[in-house]
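Protein chains: 2
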Amino acid sequence: MRVNPQDPRPHGRAVRVQQAVHAAVRSLQAEHGRQSLTVPKIAALAGVAPSTIYRRWGDLNQLLADVAVARMRPQGPPDTGTVRGDLTAWAEEYLEESASPTGREFLRDMVAGGADCSSALRGGEYARARIGIMLERARHRGEDVPDLEDVIDLVLAPIVYRILFEPGKLPPDAARRLTDRLFERDA
Amino acid sequence: MRVNPQDPRPHGRAVRVQQAVHAAVRSLQAEHGRQSLTVPKIAALAGVAPSTIYRRWGDLNQLLADVAVARMRPQGPPDTGTVRGDLTAWAEEYLEESASPTGREFLRDMVAGGADCSSALRGGEYARARIGIMLERARHRGEDVPDLEDVIDLVLAPIVYRILFEPGKLPPDAARRLTDRLFERDA
DNA sequence: CTCCTGTTCGCAAAATCTTTGCGTTTTGAG
DNA sequence: CTCAAAACGCAAAGATTTTGCGAACAGGAG
Chain A
1 MRVNPQDPRP HGRAVRVQQA VHAAVRSLQA EHGRQSLTVP KIAALAGVAP
51 STIYRRWGDL NQLLADVAVA RMRPQGPPDT GTVRGDLTAW AEEYLEESAS
101 PTGREFLRDM VAGGADCSSA LRGGEYARAR IGIMLERARH RGEDVPDLED
151 VIDLVLAPIV YRILFEPGKL PPDAARRLTD RLFERDA
Chain B
1 MRVNPQDPRP HGRAVRVQQA VHAAVRSLQA EHGRQSLTVP KIAALAGVAP
51 STIYRRWGDL NQLLADVAVA RMRPQGPPDT GTVRGDLTAW AEEYLEESAS
101 PTGREFLRDM VAGGADCSSA LRGGEYARAR IGIMLERARH RGEDVPDLED
151 VIDLVLAPIV YRILFEPGKL PPDAARRLTD RLFERDA
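Residue numbers (the UniProt record's numbering), protein chains in the order written: chain A, 1 to 187; chain B, 1 to 187.
Now the structure itself:
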């Protein structure tokens, strides 16, 4: 569980601890379920003391929320040439990733983590930023782009709501259907 | 913490325990925050053994989810004479109740409770059923009513999403704006 | 380079919470 | 009424969470 020596980021102890703990969470979560996911086990695998995790993250929920948010960061939004294509591709990808039991757990963790909602807030910010990038790019191309708030209300919100509150009732073409609605309104 | 002797429901011990525990949760949750909300404290106030709570509900999250779902049951949907009026009134009421820190906690609890998502499922079912009642009533009056799925996607989902992921960014007229959009689409 | 200061961490004891076995009480059906 | 199944309380055992304290570390000033 050592950090990569060629990691370009500063080699602070704090960074090493965070990376080790995140990696341990992902490893344990993938191997066994979440039922048997406890702070002491994570600490043991990460090579840190349990008290370190408690002091840094507060409790298991907030740690899981932090991991879930970190997981949604890496990918950049798709670039198909048109807003409609971008948004459709993004919605399909987002739905496919989040509709799985694993993806649903991450959404749940983000919502459940922290009394100050900081994790859910950051998750919302990431999604909003990614949509904003697609819209801004299209705007620079001279396209007529839908409103950011409308994309959130008409596409993102229904996907998230149905994953959280009506799992299993998501038809496979839901992403396309929702995105289509966004554009038929503009016509 | 005694049960009402005129309660029409059967006087099972199971019922008394459930009522006492739910009442204890609500009381402690209102008085102190949720940080200091633990199973032993709830059990002590409810006059039951902690092991009873663990055996019946599993853990604190599932108990809180159960209380949150039970809380959303009582009120019947409004009846203003038109679908549009009903839906607008319901959306405004729902948003007002859920946008408060307390209401947000209940939504969070519902999502966070249980690995089998049963609480979130029941919560979704309740909301769906209440909307269905309003639509059905209007249909019997001969009105042209919107589709149930559209109401969920266009009104309920955005409200819930923004409460969970973007708290504080909810304009006071959000409920009306969302409901209006539902009907301007039909025109 | 050395020192200084605030922060983070590990350790281990203490406190608290969770699980489990077993006997008792309650429930609901026959 | 009688009986089998289920729910509960109690208490011990096990696991997790909290906390005090000393040591190690990062960042900056001398």
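By construction, the Cβ of each residue, glycine as well, lies at the ideal position given by its N, Cα and C atoms. What you are looking at is a predicted structure, and each value in this text was computed from that prediction instead of being measured.
Asked                                                                                                                                              : Found
For PHE165 of chain B and GLY123 of chain A, believed in contact at Cβ under 8 Å, the rounded distance                                             : 6 Å
Same chain, Cβ closer than 6 Å to LEU63 of chain A, five either side skipped, listed in chain order                                                : TRP57
6 Å Cβ shell around VAL39 of chain A - same chain, five flanking residues per side excluded                                                        : PRO50, ILE53 and LEU60
Contained alpha helix (DSSP H) runs [length at least 4] in the UniProt DNA-binding region "H-T-H motif" (38–57) of chain A, N- to C-terminal order : 39–46 and 50–57
Assumed close pair ALA89 of chain B, THR80 of chain B - CB separation to whole angstroms, cut-off 8 Å                                              : 6 Å
Cα-Cα separation, GLY103 of chain B to GLY142 of chain A                                                                                           : 42 Å
C-beta atoms of ILE42 of chain A and ALA65 of chain A nearer than 7 Å                                                                              : no
Nearest to ASP86 of chain B (by Cα), restricted to the options B:ARG137, B:GLU125 and B:GLU96                                                      : B:ARG137
Length at least 4, wholly inside the segment 84–159 of chain A: the alpha helix (DSSP H) runs in chain order                                       : 101–112, 118–140 and 148–151
Contact under 7 Å by Cβ, MET110 of chain B with SER98 of chain B                                                                                   : no
Cα-Cα separation, GLY76 of chain B to ASP180 of chain B                                                                                            : 22 Å
C-beta neighbour in chain B for ARG108 of chain A, strict 7 Å                                                                                      : yes
Sequence-distant residues of its chain with Cβ nearer than 8 Å to PRO158 of chain A (five each side left out)                                      : ALA174 and LEU178
Proximity to GLU105 of chain B [Cα-Cα], best of B:ALA115, B:GLN35, B:ARG13 and B:ASP153                                                            : B:GLN35
Contact residues within the UniProt domain "HTH tetR-type" (15–75) of chain B, judged by C-beta distance below 7 Å to chain A                      : ARG34 and GLN35
Beta carbon proximity, ALA120 of chain A to chain B, threshold 7 Å                                                                                 : yes
Listed by chain order, chain B residues near GLY124 of chain A by CB distance under 7 Å                                                            : PHE165 and GLU166
Where the alpha helix (DSSP H) through SER27 of chain A begins and ends                                                                            : 13–31
is_contact[ALA157 of chain B, chain A] using C-beta, thresh 7 Å                                                                                    : yes
Local conformation of GLN6 of chain B per DSSP, three classes                                                                                      : With a pLDDT of only 37 at GLN6 of chain B, under 50, the local geometry of the prediction cannot be trusted, and the value read off the model is given with reservation. Of the three classes helix, strand and coil, the one that applies to GLN6 of chain B here is coil, per DSSP.
Beta-carbon gap between ALA129 of chain B and ALA112 of chain A smaller than 7 Å                                                                   : no
Chain A contact for VAL160 of chain B (CB, 7 Å cutoff)                                                                                             : yes
LEU60 of chain A, DSSP secondary structure in three states                                                                                         : helix
CB contact below 7 Å: VAL151 of chain B versus chain A                                                                                             : no
Cβ separation of TYR161 of chain B and TYR94 of chain A, assumed to be a contact under 8 Å, to the nearest whole Å                                 : Not confirmed; about 13 Å, so no contact.
Classification of PRO101 of chain B by the beta-carbon crowding that lies within 10 angstroms, buried from 16 upward                               : exposed
Interface partners of ALA91 of chain B on chain A, CB under 9 Å                                                                                    : Here the premise fails: no neighbours, minimum Cβ distance about 13 Å.
Separation of GLU125 of chain A from residue 189 of chain A, as counted between CA atoms                                                           : What the structure shows of chain A is the stretch from 1 to 187, and residue 189 of chain A is not part of that stretch, so it cannot be assessed.
CB contact below 7 Å: ALA112 of chain A versus chain B                                                                                             : yes
Per-residue burial, ASP144 of chain A [other beta carbons within 10 Å of its own, 16 or more giving buried]                                        : exposed
Neighbourhood of LEU182 of chain A by C-beta, 8 Å cutoff - its chain only, sequence neighbours within 5 removed                                    : LEU87, PRO146, ASP150, VAL151, LEU154 and VAL155
DSSP three-state assignment for LEU170 of chain B, whether helix, strand or coil                                                                   : coil
Simplified DSSP assignment, three categories, for ASP79 of chain A                                                                                 : coil
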